[in-house]
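Colleague: Here you go, one structure.
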Amino acid sequence: MSEENEETQTAEETPVEDTETQDKVISPEKAEEAKLKARFPNLGHKPGGSDFLRKRLQKGQKYFDSGDYNMAKAKIKNKTLPTAAPEKTEITGDHIPTPQDLPQRKPSLVASKLAG
Amino acid sequence: MAGKRKLSERPGGGSGDVQWCFSQVKGAMDDDVAEADIISTVEFNHTGELLATGDKGGRVVIFQQEPESKNQPQCRGEYNVYSTFQSHEPEFDYLKSLEIEEKINKIRWLPQKNAAQFLLSTNDKTIKLWKISERDKRPEGYNLKEEDGRYRDPNTVTTLRVPVLRPMDLMVEASPRRVFANAHTYHINSISVNSDHETYLSADDLRINLWHLEITDRSFNIVDIKPANMEELTEVITAAEFHPDQCNTFVYSSSKGTIRLCDMRASALCDQHAKLFEEPEDPNNRSFFSEIISSISDVKFSHSGRYMMTRDYLSVKIWDLNMETRPVETYQVHEYLRSKLCSLYENDCIFDKFECCWNGNDSVVMTGSYNNFFRMFDRDYRQDVTFEASRENSKPRSVLKPRKISTGGKRKKDEISVDSLDFNKKILHTAWHPLDNIIAVATTNNLYIFQDKIN
Chain G
1 MSEENEETQT AEETPVEDTE TQDKVISPEK AEEAKLKARF PNLGHKPGGS
51 DFLRKRLQKG QKYFDSGDYN MAKAKIKNKT LPTAAPEKTE ITGDHIPTPQ
101 DLPQRKPSLV ASKLAG
Chain X
1 MAGKRKLSER PGGGSGDVQW CFSQVKGAMD DDVAEADIIS TVEFNHTGEL
51 LATGDKGGRV VIFQQEPESK NQPQCRGEYN VYSTFQSHEP EFDYLKSLEI
101 EEKINKIRWL PQKNAAQFLL STNDKTIKLW KISERDKRPE GYNLKEEDGR
151 YRDPNTVTTL RVPVLRPMDL MVEASPRRVF ANAHTYHINS ISVNSDHETY
201 LSADDLRINL WHLEITDRSF NIVDIKPANM EELTEVITAA EFHPDQCNTF
251 VYSSSKGTIR LCDMRASALC DQHAKLFEEP EDPNNRSFFS EIISSISDVK
301 FSHSGRYMMT RDYLSVKIWD LNMETRPVET YQVHEYLRSK LCSLYENDCI
351 FDKFECCWNG NDSVVMTGSY NNFFRMFDRD YRQDVTFEAS RENSKPRSVL
401 KPRKISTGGK RKKDEISVDS LDFNKKILHT AWHPLDNIIA VATTNNLYIF
451 QDKIN
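Line order of the protein sequences matches chains G and X. First residue of the first sequence? That's 1 in UniProt numbering, and the numbers climb one at a time after it. First residue of the second sequence? That's 1 in UniProt numbering, and the numbers climb one at a time after it.
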């Protein structure tokens, strides 16, 4: 943070380490980064970059391939289709999604409790 | 009582001597919160008489302030339910396999032009213009119809009777007047009405569109930051707003902590900014988290139009529009979280999008935090205060007590330690009445209204 800024400080805040003590003390941010890297050693080197942003842009994507579904139905015929484990939130890959797997999206018929 | 208070103890709410009091709380008291009840936006209209909320279930609730009663002239009117309606419904885009949430991302009021009120509400993909109108009279005495609607036998009609308008119980009706759809590939994060009162902008992650309030089948793209190759994507648009009185000027903020000011007179496509506001970063301090916490979650012009405020994860910054190199003021919201970034990243809290707001005369700014805390920063008195929105402090007209967080080893009495903060109790949305010291603070599913104490 630039020193010319006017900052408001209250008793509860920890001041950010300044560069003079950088050699002796690791900034709290860098210490946190070290913790994270220790837990997730495969973490990408471009943190704010493509992966994280692309995930944000893909919010809401649900994968349902009607072709896969109908072919699986045709193959299995009388047998029931494999359904997703209840914990799985993303339905992709080998699992054949069924209409039951996709969460029901109905508008709320109940009035808001703020109006109660 | 107020006169003997030390400078450091003043709550800081405008004129230096403001005491904030609980006024009302709306919403269910139980802890089991249905997802649909999560409040997603709060907005006063231009007079402050109306207060709108939107929720994750796509519903809008509008409260109206009761006029000051003659019996209690010192007491400001309460906010009571005026209208409620289902604004958006969940949709599924089959072509793209995309689920479209009904959550109301933003509500913006139009300035009032006639008896009716208008507001824009938006979810991720569609903006709607709603008309809220009052009906307090109905015609009675039809010549050809009975009062219940049945048609009279024409043979029994012997005289001409003209219906008259008679008073009835007030009915408030909300009707969708315009639907602005199919203009956004990505998720809409902002809408902003222009000072010309004819146009408005809508912004998604990569594009900003300009609309005319009367025209729904056409929209002009004014900013497009989508790279030719999506692999090269490095930043997204996080918020956008029109200048309060210069109808050609708007700003948009990014996930990299920059703000661009654009002038629509310069060109049709405003990809080239007129000004770029960015605070230089010390490269020695850069960490994995730097970019994430610098992402701006909200940008708001001051009422004067001379300043703008941005909110990033840990701070609020005030920028002078005449100075691009750095903010003129920086306020730490919860600096003690800097040493908790690892766990905040793991529980996704680091991606929480806090909003911020100005008071009516731009002297105080407010923003939310965790543990149902919210903070006010008085720019004139250089003071700040932390309050908590909780049912425990909800006795009518009880004065709010400032809260303190202890970061060191020794925790004083009444202080809360950082480790005992509840990160599920976040105040993301707050609003300040445009003229009075009345604030609306949204916890997860409750709306709190606080007022300053009138002596």
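Every residue, glycine too, gets a C-beta built ideally from N, C-alpha and C.
Give the DSSP bridge partners of X:N209, in chain order.
Modeller: DSSP, once it has assigned bridges, lists X:S202, X:N221 as partnering X:N209.
Colleague: Grouping DSSP H, G and I as helix and E and B as strand, with all else coil, what is X:F351?
Modeller: Residue state, collapsed to three classes: helix.
Colleague: So, with DSSP's three-state summary, where would you put X:V236?
Modeller: X:V236 falls in the coil class under three-state DSSP.
Colleague: Name the chain G residues that come within less than 7 Å of X:K26, Cβ to Cβ?
Modeller: Within chain G, the residues near X:K26 are L114.
Colleague: On the DSSP bridge assignment, give the partners of X:H429 in chain order.
Modeller: Per DSSP, X:A442.
Colleague: Can you tell me whether G:F52 is helix, strand or coil according to DSSP?
Modeller: DSSP places G:F52 in helix when its eight states are reduced to three.
Colleague: Consider the Cβ of G:K24: report whether some Cβ of chain X lies at a distance smaller than 7 Å.
Modeller: Its pLDDT being 48, under 50, G:K24 is placed unreliably in this model, and the coordinates cannot settle the point.
Colleague: The alpha helix (DSSP H) that contains G:A38, what's its start and end?
Modeller: 28-39 is the extent of the alpha helix (DSSP H) around G:A38.
Colleague: Determine whether the beta carbon atoms of X:T238 and X:I188 lie at a separation below 7 Å.
Modeller: For X:T238 and X:I188, no; Cβs fall outside 7 Å.
Colleague: Can you say whether X:S369 is buried or exposed, counting buried as having 16 or more other CB atoms within 10 angstroms of its CB?
Modeller: Buried.
Colleague: Taking 8 Å as the threshold, find out whether the region 226-246 of chain X comes into contact with the region 198-216 of chain X through three or more Cβ pairs.
Modeller: Short answer: they touch.
Colleague: Exposed or buried, which one is X:Y94 when buried takes at least 16 other CB atoms within 10 Å?
Modeller: Exposed: under 16 other Cβ atoms inside 10 Å.
Colleague: Taking 7 Å as the limit between beta carbons, can you name the residues of its chain near X:P111, skipping five residues before and five after?
Modeller: Cβ within range, chain order: H46, H197.
Colleague: If contacts are defined as beta-carbon pairs under 8 Å, then X:F377 and X:Y345 qualify, I think. What distance do you get, rounded to the angstrom?
Modeller: With a Cβ gap of about 26 Å, X:F377 and X:Y345 do not count as contacting.
Colleague: So who's on the other strand from X:N80, going by DSSP bridges?
Modeller: For X:N80, which the question treats as bridged, DSSP gives the partners X:Q64.
Colleague: Who are the near neighbours of X:F92 in its chain, counting only those whose CB is closer than 8 Å to its CB and skipping five residues on each side?
Modeller: L98, E99, I100, listed in sequence order.
Colleague: From X:R265 to G:A31, what distance separates their C-alpha atoms?
Modeller: The straight-line gap from Cα to Cα measures roughly 47 Å.
Colleague: Measuring CA to CA, which of X:D124, X:L144, X:L435, X:E173 is closest to X:Y186?
Modeller: Here the closest residue by C-alpha is X:D124.
Colleague: Can you give me the start and stop residues for the beta strand (DSSP E) that X:E388 sits inside?
Modeller: Note, X:E388: beta strand (DSSP E), 383-388.
Colleague: I want to verify the contact list: residues of chain X whose CB lies under 7 Å from the CB of G:K30, in sequence order.
Modeller: Under the 7 Å cutoff, chain X gives S287.
Colleague: Tell me which residues share the same chain as X:H243 and place their Cβ nearer than 8 Å to its Cβ, disregarding the 5 neighbours each side in the sequence.
Modeller: For X:H243, where only same-chain residues beyond five positions count, the Cβ hits under 8 Å are S195, T249, F250, V251, F301, G305.
Colleague: Kindly list the residues whose CB is nearer than 7 Å to the CB of X:N446, restricted to its own chain and excluding five residues on each side of it in sequence; keep chain order.
Modeller: Closer than 7 Å at Cβ, skipping near neighbours: V25, K26, G27.
Colleague: The alpha helix (DSSP H) with X:C342 in it runs from where to where?
Modeller: Counting along the chain, the alpha helix (DSSP H) containing X:C342 begins and ends at 341-346.
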